[in-house]
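Reviewing the structure listed below.
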Amino acid sequence: MKTFWKHPLVILIGVLVLIFGAGALVRAKKSNEQITTITPEKKELVQSIQVSGVVQAHERASLRFLAGGKLVYLGAKEGDVVRKWQTIASIDKSELKKQLEKDLNDYSNTRIDFDQKMDDLKDKQGDTAVDRTREKTQNTLENAVVTVEIRDIILKNSSLYAPFDGVLVSSPAQTVGEILVATDVFEIVNPTSLYVETEVDEADISKIRVGQNATVIFDALPDTEESATVTSIAYASSESSNGTVYKVKLSLPVEHMDQYRLGMNATAKIELDRVSDALVIPASSLISRDGKTFVEVMVENKKIEKEIILGLETDVEVEVLSGISSEDRIVKK
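Its first residue numbered 0, the sequence shown is counted upward by one per residue in numbering that gives the first Met the number 0.
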């Protein structure tokens with residue numbers, strides 16, 4: 000028995016039987032395959048571009064004192080609604096007034112020294128050393144004047160006021176008596192001025208127009224889709240991790256402003272074009288060859304290629320302008 004299977008002719012016949020048997024099986028399988036077809040659909044087709052964005056505010060102010068000091072009045076706490084020109088905070092003026100008084104005295108002494116020096120040098124002309132002394136004395140007097148002016152400005156800005164109606168979104172102080180420094184910031188935002196700032200790639204920016212409609216979905220509110228409108232397109236480009244982009248601003252519905260927060264991430268679809276009653280087929284059905292577009296159509300149970308002309312295109316569907324009708328059966332890929 001073992002000798003029989005080792006015979007070369009027997010082995011060859013066995014291999015041929017397997018090959019022809021497999022081929023027949025494949026042919027039988029192909030003949031039994033069902034060809035799925037679809038018919039073009041008349042529908043509205045919308046072309047859009049998807050971009051990411053973040054919530055920003057048109058009215059956003061960072062307020063700080065020109066110099067540090069002791070907080071003696073706190074008109075609002077973090078999260079409070081504030082009105083335009085409402086006093087947000089004040090620092091102790093008594094120390095500032097004393098400093099201004101000292102600066103005025105220093106200025107007076109500097110002025111006396113200046114007048115005396117100028118009187119001593121009035122008869123000395125054409126001497127370079129004397130000219131330098133005269134210039135230095137003049138600069139010292141002017142510096143004393145500037146010091147007084149700066150101190151006066153600081154005194155007048157010892158209180159911070161809200162520049163518009165809004166919400167105090169951040170505050171460096173919780174109560175009076177705290178010592179603030181010049182870098183401490185009170186931030187106010189007008190929630191009715193919120194918008195979504197998106198970044199559009201330079202390859203797509205020519206398709207964007209002010210007034211185009213958009214839909215926005217926030218990461219924090221995935222079940223809510225908001226309507227928006229393109230309100231502005233930046234003229235200057237910006238650099239991002241994806242290359243050169245342009246900032247595009249989208250307005251938001253005022254009636255839902257209480258749901259949005261600064262810094263929220265969002266995904267927006269900006270509508271580029273819309274065609275009603277378009278003849279639509281899946282983009283996956285297309286065959287591209289030699290710069291032309293075709294689809295396979297079933298005619299009398301045979302696949303026939305037909306050249307078509309496309310109109311509006313999306314990632315999923317395309318509009319067909321000519322080449323097929325709504326009665327044709329398109330082979331589904």
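Cβ atoms here follow ideal geometry from the backbone N, Cα and C, with glycine treated the same way.
Can you name the residues that DSSP bridges to residue i?
{"i": "Leu-320", "result": "DSSP lists no partner for Leu-320."}
{"i": "Asp-281", "result": "Reading off the sequence, residue 281 comes out as Pro, not Asp. BP columns for Pro-281 point to Glu-316."}
{"i": "Gln-46", "result": "Asp-272"}
{"i": "Leu-311", "result": "DSSP, once it has assigned bridges, lists no residue as partnering Leu-311."}
{"i": "Ser-250", "result": "Tyr-194 and Thr-228"}
{"i": "Lys-116", "result": "Beta-bridge pairing links Lys-116 to no other residue."}
{"i": "Val-188", "result": "Arg-59 and Val-166"}
{"i": "Ile-286", "result": "Phe-293"}
{"i": "Gly-217", "result": "Per the sequence shown, residue 217 should be read as Phe rather than Gly. Phe-217 pairs with Leu-220 and Ala-265."}
Please return the same chain residues whose Cβ sits closer than 7 Å to the Cβ of residue i, not counting the five positions on each side in sequence.
{"i": "Ile-153", "result": "Leu-65, Ala-66 and Leu-95"}
{"i": "Lys-332", "result": "Ser-283 and Ser-284"}
{"i": "Thr-174", "result": "Leu-73"}
{"i": "Ala-213", "result": "Ala-227, Thr-228, Val-229, Leu-249, Ala-267, Lys-268, Ile-269 and Glu-270"}
{"i": "Ser-47", "result": "Lys-268, Ile-269, Glu-270 and Leu-271"}
{"i": "Ala-161", "result": "Val-81, Arg-82, Lys-83, Trp-84, Gln-85, Ile-87 and Ile-187"}
{"i": "Lys-246", "result": "Glu-196, Glu-198, Ala-233 and Ser-237"}
Going by beta carbon distance, what residues of the same chain come within less than 6 Å of residue i, once the five residues before and after it are set aside?
{"i": "Lys-291", "result": "Glu-306"}
{"i": "Ile-37", "result": "Ile-329 and Lys-331"}
{"i": "Asn-31", "result": "Legend: pLDDT at Asn-31 = 46, less than 50; position of this residue unreliable, value from coordinates given subsequently. Excluding sequence neighbours, Asn-31 sits near nothing in its chain."}
{"i": "Ala-75", "result": "Val-81, Ile-87 and Leu-167"}
{"i": "Phe-293", "result": "Ile-286, Glu-304 and Glu-306"}
{"i": "Ala-277", "result": "Leu-44 and Glu-318"}
{"i": "Gly-310", "result": "Glu-318 and Leu-320"}
{"i": "Lys-28", "result": "Residue placement at Lys-28 is poorly supported in this model, since its pLDDT is 48, which falls under 50; the coordinates still yield a value, given next. Excluding residues within five positions, none has a Cβ falling inside 6 Å."}
{"i": "Phe-217", "result": "Met-263 and Ala-265"}
{"i": "Val-25", "result": "Because Val-25 carries a pLDDT of 48, less than 50, the predicted location of this residue cannot be relied on, and no value is offered for it."}
{"i": "Ala-60", "result": "Pro-162 and Ile-187"}
{"i": "Leu-62", "result": "Leu-159 and Phe-185"}
Could you name the residues of the same chain whose beta carbon sits closer than 8 Å to that of residue i, not counting the 5 residues immediately before and after it, in chain order?
{"i": "Val-253", "result": "Thr-191"}
{"i": "Glu-316", "result": "Leu-44, Val-279, Ile-280, Pro-281 and Ala-282"}
{"i": "Gln-211", "result": "Thr-228, Val-229, Ile-269, Glu-270 and Leu-271"}
{"i": "Arg-150", "result": "Leu-95, Gln-98, Leu-99 and Asp-102"}
Which residue wins for smallest C-alpha separation from residue i, given the options the options?
{"i": "Gln-33", "options": "Lys-302, Val-315 and Thr-313", "result": "Lys-302"}
{"i": "Asp-259", "options": "Ala-277, Asp-327, Val-215 and Ser-324", "result": "At residue 259 the sequence reads Tyr, which differs from the Asp that was named. Of Ala-277, Asp-327, Val-215 and Ser-324, the residue nearest in Cα terms is Val-215."}
{"i": "Asp-164", "options": "Thr-136, Trp-84, Gly-68 and Asp-114", "result": "Trp-84"}
{"i": "Glu-299", "options": "Ser-236, Ala-265, Asp-327 and His-255", "result": "Asp-327"}
{"i": "Gly-322", "options": "Thr-313, Glu-312 and Val-296", "result": "Val-296"}
{"i": "Tyr-234", "options": "Asp-119, Thr-136, Asn-142 and Glu-198", "result": "Glu-198"}
{"i": "Tyr-261", "options": "Tyr-194, Ser-51 and Thr-223", "result": "One point to set straight first is that residue 261 is Leu, not Tyr, in the sequence displayed. The candidate whose alpha carbon is nearest that of Leu-261 is Tyr-194."}
{"i": "Arg-208", "options": "Ser-231, Val-71, Thr-223 and Glu-141", "result": "Ser-231"}
{"i": "Ser-205", "options": "Arg-131, Val-244 and Ser-275", "result": "Val-244"}
{"i": "Ile-90", "options": "Val-50, Val-180, Thr-127 and Gln-115", "result": "Val-180"}
Can you tell me the Cβ-Cβ gap for residue i and residue j, rounded? I've got them flagged as a contact below 8 Å.
{"i": "Glu-225", "j": "Gln-55", "result": "With a Cβ gap of about 15 Å, Glu-225 and Gln-55 do not count as contacting."}
{"i": "Val-147", "j": "Asp-102", "result": "5 Å"}
{"i": "Asn-189", "j": "Glu-58", "result": "4 Å"}
{"i": "Ser-325", "j": "Lys-41", "result": "6 Å"}
{"i": "Ile-178", "j": "Lys-69", "result": "6 Å"}
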